[in-house]
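K.L.:
This structure is in structure tokens; I'll ask about it shortly.
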Amino acid sequence: MTAIFHPDQHLLIEYAAGSLPIAKATMIALHLEHCTHCRQKVHQLEALGGQLLHDIKPEEQDSDLSSAWQNTLSMIQSTPVASPVKRKQSLMQRLFPQGFEHQSWSGVGPVKNAKLNNADPDMSNLSLLRIRAGAKIPVHHHHGEEWTLVLQGGFSDSYGNYHCGDLVVREDHDHHAPVAAANEDCICLTYVENNLKFSGPMGPIYSFISKL
Amino acid sequence: MNSLLKSSSPMAKVIPMEHKEDQFAALLEKVAIKQDIKAFEAIFNHFAPQIKGFARVNGISKLGENFPDELVQEVMTSVWRKAHQYDRTKAKASTWIFTIARNQRIDMLRRTSRQRFEVSSEDVWEEPEVDGPVVDVQRKHTEKLIRGHLMSLPEEQREVLGKVYMEEKSHQDVASELGIPLGTVKSRVRLALGKLKIMMEPWQ
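From first to last, the protein sequence lines are chains A and B.
Numbers 33 to 244, taken from the numbering used here, label the letters of the first sequence in order.
Numbers 28 to 231, taken from the numbering used here, label the letters of the second sequence in order.
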């Protein structure tokens, strides 16, 4: 499966450098599971990080490492060696071990929400969104960024058609009204910086519901 | 930050660096196969000061004076524990150690704000994997370019890369710190990556 909508290269750099907050990094990592292309870019960017680390010129104060060496020696004696077989589980399986059906979906009508099952506060901006096949989300805009990663099915808005693995980053004040593809429910992971604002006569009601 | 990067001509670096890189990959393999303490010590002697220098600029030292040493200990303990997961066909030794240091730093900064967290950096920032032999050839080519050309980048580009990677600042933070527009930071990064032949974007 190949994604068509990719993160901006500067996001890949911040991911590789480790400065991206973990919630956003999770979105990038899930995109990487679908995208060989971005994965290769991240490898190159990590190689750059390795070279920069290699090239650091330590200062005088960094050269006294005798106690760090002694501590490391005692730490390695009391720490078991890691398993030679790395985990084969993908991040997707780790985040949703039971699949999407077992998430506690809330909301009425064609659009449902679910919190992630883990209660990690660093992940609180992430939630799952489920749009019934063919259904439309009311026009809304954002104060702050909204990221959407398609995990199942697909959706369209005035900017394009999105499929599994596609990552869409919307900036402040973008207006859009996504419609799910007709053949199956669309499930997305979303990162929302702030609350969404819905437009139109029903806007205040949707805004109220989305905060529940 | 500029002073953090050794300046020397690119030509002068190429041969000894390549030799050293093989040496660290071989040392990691010795640690993996024989739990070789002497090999581990040689890795420590080279990388521990680098990691401490990294900790000095990336926010770890702000946690307290012992934290740079603690980062060194955490990273080197992970290197020992995971040495047998290192695969020289997937990444250079320095790349692999960088990813461990990056992940440990993230968790160390997160740990200060709470007792525990359910998603660790390792879940989200995986160690380098490779996608086949063609990619491997391409990777080696890129690594060679990075090694050869990094030091010959214009100072302003190298400074920005240093801040993004070693100080682990967002592009926005770098822009604020240097008092230049975000667009300028991004274009310096883009120019630098272009010279290093990283991130050619077929979809743009």
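Where is the CB? At the ideal position from N, CA and C, for every residue including glycine.
Of all the CB atoms in chain A, is at least one closer than 8 Å to the CB of LEU65(B)?
P.N.:
Here residue 65(B) is taken as the residue at index 38 of the second sequence, counted from 1. According to the sequence as given, residue 65(B) is Lys; it is not Leu. So, not an interface residue.
K.L.:
Just the Cα atoms here: how many angstroms apart are VAL84(B) and ALA61(A)?
P.N.:
Taking the second sequence and counting its residues from 1, one reaches residue 84(B) at position 57. Taking the first sequence and counting its residues from 1, one reaches residue 61(A) at position 29. If I take the Cα positions, the gap works out to 26 Å.
K.L.:
If you measure from the beta carbon of PRO76(B) to each beta carbon in chain A, is any gap under 8 Å?
P.N.:
Counting from 1 along the second sequence, the entry for residue 76(B) is found at position 49. By this cut-off, PRO76(B) is an interface position.
K.L.:
Just how far apart, CA to CA, sit GLN62(B) and PRO95(B)?
P.N.:
In the second sequence, residue 62(B) corresponds to position 35, counting from 1. In the second sequence, residue 95(B) corresponds to position 68, counting from 1. Cα to Cα, the separation comes out at about 25 Å.
K.L.:
For THR180(A), write down the residues that DSSP places opposite it in a beta bridge.
P.N.:
As a working note, residue 180(A) is residue 148 in the first sequence. DSSP lists VAL200(A) and THR222(A) as partners of THR180(A).
K.L.:
Less than 8 Å between C-beta atoms, sequence neighbours within five positions excluded: which residues of the same chain meet that for THR222(A)?
P.N.:
On the first sequence, residue 222(A) is found 190 positions in, with the first residue counted as 1. Closer than 8 Å at the Cβ level, and outside the excluded window around THR222(A), lie LEU158, SER159, LEU160, LEU161, GLU178, TRP179, THR180 and LEU181.
K.L.:
In chain order, what residues of the stretch 179-193 of chain B put their CB closer than 8 Å to some CB of chain A?
P.N.:
Going along the stretch 179-193 of chain B in chain order, one finds LEU188, GLY189, VAL191, TYR192 and MET193 with a Cβ nearer than 8 Å to chain A.
K.L.:
With a CB to CB cut of under 8 Å and the five nearest residues on each side skipped, what residues in its chain are close to LEU209(B)?
P.N.:
Walking along the second sequence from the start, residue 209(B) turns up at place 182. The answer, listed in chain order, is HIS198, GLN199 and ALA202.
K.L.:
What did DSSP end up calling SER147(B) once you bin it into helix, strand or coil?
P.N.:
The residue labelled residue 147(B) in the question sits at position 120 within the second sequence. Of the three classes helix, strand and coil, the one that applies to SER147(B) here is coil, per DSSP.
K.L.:
Which runs of the alpha helix (DSSP H), 4 residues or longer, sit entirely within the stretch 39-126 of chain A?
P.N.:
Whole alpha helix (DSSP H) segments, 4+ residues: 41-49, 54-66, 68-87 and 98-110.
K.L.:
Over the uninterrupted alpha helix (DSSP H) stretch that includes ASN72(B), give me the two end residues.
P.N.:
By one-based count along the second sequence, residue 72(B) stands at place 45. 64-84 is the extent of the alpha helix (DSSP H) around ASN72(B).
K.L.:
When burial is assigned at 16 or more other CB atoms within 10 Å of the CB, is LYS119(B) buried or exposed?
P.N.:
Taking the second sequence and counting its residues from 1, the one referred to as residue 119(B) is at position 92. Buried, because 16 or more other Cβ atoms sit within 10 Å of the Cβ of LYS119(B).
K.L.:
Going by C-alpha to C-alpha distance, which of TYR47(A), ASP217(A), HIS175(A) and PRO112(A) sits closest to HIS195(A)?
P.N.:
Taking the first residue of the first sequence as position 1, residue 195(A) is located at position 163. For HIS195(A), the nearest C-alpha among the options comes from ASP217(A).
K.L.:
Can you name the residues of chain B whose CB is closer than 7 Å to the CB of PRO90(A)?
P.N.:
As a working mapping, residue 90(A) is identified with position 58 in the first sequence. Residues of chain B passing the Cβ test: PRO76, GLN77, LYS79 and GLY80.
K.L.:
Can you name the residues of chain A whose CB is closer than 9 Å to the CB of LEU177(B)?
P.N.:
Within the second sequence, the letter at position 150 stands for residue 177(B). Going along chain A in sequence order, the residues near LEU177(B) (Cβ under 9 Å) are LEU80, GLN83, LEU84 and ASP87.
K.L.:
Name the residues in the stretch 120-138 of chain B whose C-beta lies less than 9 Å from a C-beta of chain A; which are they?
P.N.:
Flagged, chain order: ALA120, SER121, THR122, TRP123, ILE124, PHE125, THR126, ALA128, ARG129, ASN130, ARG132, ILE133 and ARG137.
K.L.:
Measuring only between beta-carbons, confirm whether LEU244(A) sits less than 8 Å from chain B.
P.N.:
Sequence index remark: in the first sequence, residue 244(A) carries index 212 (1-based). With a pLDDT of 45 at LEU244(A), under the threshold of 50, the predicted position of this residue should be treated as unreliable, and no value is reported.
K.L.:
Comparing C-alpha positions only, which one of SER190(A), LYS73(A), ASP198(A) and ASN215(A) sits nearest to HIS208(A)?
P.N.:
For this step, residue 208(A) is matched to residue 176 along the first sequence. The residue with the shortest Cα to Cα distance from HIS208(A) is SER190(A).
K.L.:
Can you give the Cα-Cα distance for VAL106(B) and ALA53(B), rounded to whole angstroms?
P.N.:
Within the second sequence, the letter at position 79 stands for residue 106(B). Within the second sequence, the letter at position 26 stands for residue 53(B). Roughly 14 Å between the two C-alpha positions.
K.L.:
If you drop the 5 nearest sequence neighbours on each side, which residues of the same chain put their C-beta closer than 8 Å to that of ALA165(A)?
P.N.:
Here residue 165(A) refers to the residue found at position 133 when the first sequence is read from its first residue. Result list for ALA165(A): GLY185, ALA212, ALA213, ALA214, ASN215, GLU216, ASP217 and CYS218, in chain order.
K.L.:
Residues of chain B with CB under 9 Å from SER99(A), in chain order?
P.N.:
As a working mapping, residue 99(A) is identified with position 67 in the first sequence. The contacting residues are ASP96.
K.L.:
So, for SER36(B): in the same chain, excluding its five sequence neighbours on each side, which residues have a beta-carbon less than 7 Å away from its beta-carbon?
P.N.:
In the second sequence, counting from the first residue as 1, residue 36(B) sits at position 9. Interpretation of SER36(B) is limited by its pLDDT of 43, a score under 50 that renders its predicted location unreliable; the figure taken from the coordinates is listed afterwards. Excluding sequence neighbours, SER36(B) sits near nothing in its chain.
K.L.:
Which residue wins for smallest C-alpha separation from ARG166(B), given the options GLN125(A), GLN72(A) and LEU148(A)?
P.N.:
Residue numbering aside, residue 166(B) sits at position 139 when the second sequence is read from its first letter. With distances taken between Cα atoms, ARG166(B) lies closest to GLN72(A).
K.L.:
On the CB-based measure, 16 or more other CB atoms within 10 Å of its CB, does ASP94(A) come out buried or exposed?
P.N.:
Position 62 of the first sequence, counting from 1, holds the residue named residue 94(A). Burial call: buried.
K.L.:
For the stretch 152-179 of chain A, list every residue whose C-beta sits within 8 Å of some C-beta in chain B, in sequence order.
P.N.:
The stretch 152-179 of chain A vs chain B, Cβ under 8 Å: ASP152, PRO153, ASP154 and MET155.
K.L.:
Go to GLY192(A), then tell me how far its beta strand (DSSP E) extends in each direction, as first and last residue.
P.N.:
By one-based count along the first sequence, residue 192(A) stands at place 160. Run containing GLY192(A): 192-194, per the beta strand (DSSP E) assignment.
K.L.:
How would you label THR34(A), buried or exposed, when you count the other beta carbons within 10 angstroms and need 16 or more for buried?
P.N.:
Taking the first sequence and counting its residues from 1, the one referred to as residue 34(A) is at position 2. Flag for THR34(A) reads exposed.
K.L.:
Please classify ASN193(A): is it buried, with 16 or more other beta-carbons within 10 angstroms of its beta-carbon, or exposed?
P.N.:
For the purposes of this step, residue 193(A) is identified with residue 161 of the first sequence, where counting begins at 1. It counts as exposed.
K.L.:
Looking at chain B, is there any beta carbon in it that lies within less than 8 Å of the beta carbon of ASN258(A)?
P.N.:
In the structure displayed, chain A extends from 33 to 244; residue 258(A) sits before or after that span and is not available.
K.L.:
For ARG115(B), collect the residues of the same chain with a Cβ closer than 7 Å to its Cβ; drop the 5 residues on either side in sequence, then sort them by chain order.
P.N.:
As a position in the second sequence, residue 115(B) is number 88, starting the count at 1. The answer, listed in chain order, is ALA52.
K.L.:
Going by other Cβ atoms of all chains shown within 10 Å of its Cβ, with 16 needed for buried, is ASP96(A) buried or exposed?
P.N.:
By 1-based counting over the first sequence, the position of residue 96(A) is 64. With fewer than 16 other Cβ atoms within 10 Å, it is exposed.
K.L.:
Count the other C-beta atoms from every protein chain shown that fall within 10 angstroms of the C-beta of THR104(A), then say buried if there are 16 or more, exposed otherwise.
P.N.:
Here the question's residue 104(A) lines up with position 72 in the first sequence. With 16 or more Cβ atoms within 10 Å of its Cβ, THR104(A) is classed as buried.
K.L.:
For GLU195(B), return the contacting residues in chain A, with the cut-off set at a CB-CB distance below 7 Å.
P.N.:
Against the second sequence, residue 195(B) aligns to sequence position 168. Within chain A, the residues near GLU195(B) are ALA49, GLY50 and SER51.
K.L.:
Since ILE163(A) sits in a beta bridge, which residues does DSSP pair it with?
P.N.:
Sequence index remark: in the first sequence, residue 163(A) carries index 131 (1-based). The partner list for ILE163(A) (beta bridge, DSSP) reads VAL143(A) and CYS218(A).
K.L.:
Considering just the uninterrupted stretch of the alpha helix (DSSP H) at ASP189(A), what are its terminal residues?
P.N.:
Residue 189(A) sits at position 157 when you count from the first residue of the first sequence. No alpha helix (DSSP H) holds ASP189(A); the beta strand (DSSP E) holding it covers 187-189.
K.L.:
Report yes or no: is there a C-beta of chain A within less than 8 Å of the C-beta of VAL216(B)?
P.N.:
In the second sequence, the residue the question calls residue 216(B) occupies position 189. Closer than 8 Å: yes.
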